[in-house]
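The next block holds one structure in the form of structure tokens; read it before the comments.
Numbering (the numbering used here), first residue to last: 15 to 73.
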């Protein structure tokens with residue numbers, strides 16, 4: 015299970031760290047990066063599952 019995620023220089027996320035628990039709640043203003051966190055997690059999932067290579071994921 016994923017326990018911690020660190021994202022740096024991906025869209026609006028700079029030096030972002032997330033401690034993952036069983037349940038997480040994402041609250042914030044428009045444009046604060048909530049959807050960007052989920053996009054980054056989706057890209058990590060695609061890479062770890064072997065569906066894509068790094069070159070294809072992070073264009």
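For glycine and all other residues, C-beta sits at the position ideal for the given N, C-alpha and C.
**Report entry** Where residue 21 sits in the DSSP three-state scheme
**Finding:** In the structure shown, residue 21 sits in a strand (DSSP, three-state: E or B).
Query raised in the report: Helix, strand or coil for residue 52 per DSSP?
Result: Under the three-state reduction of DSSP, residue 52 is assigned to helix.
Report task. Using beta-carbon positions only, say whether residue 17 and residue 34 come within less than 8 angstroms of one another. Result -> When the beta-carbon positions are compared, residue 17 and residue 34 come within less than 8 angstroms of each other.
Report task. Measure the beta-carbon distance from residue 51 to residue 61 and round it to whole angstroms, keeping in mind my assumption that it falls under 8 angstroms. Result -> The C-beta distance from residue 51 to residue 61 rounds to 16 angstroms, too long to meet the 8 angstroms contact threshold.
Requested in this report: Give the single residue among 63, 65, 48, 66 whose Cα lies nearest to the Cα of residue 21.
Outcome: Nearest C-alpha to residue 21 among 63, 65, 48, 66: 48.
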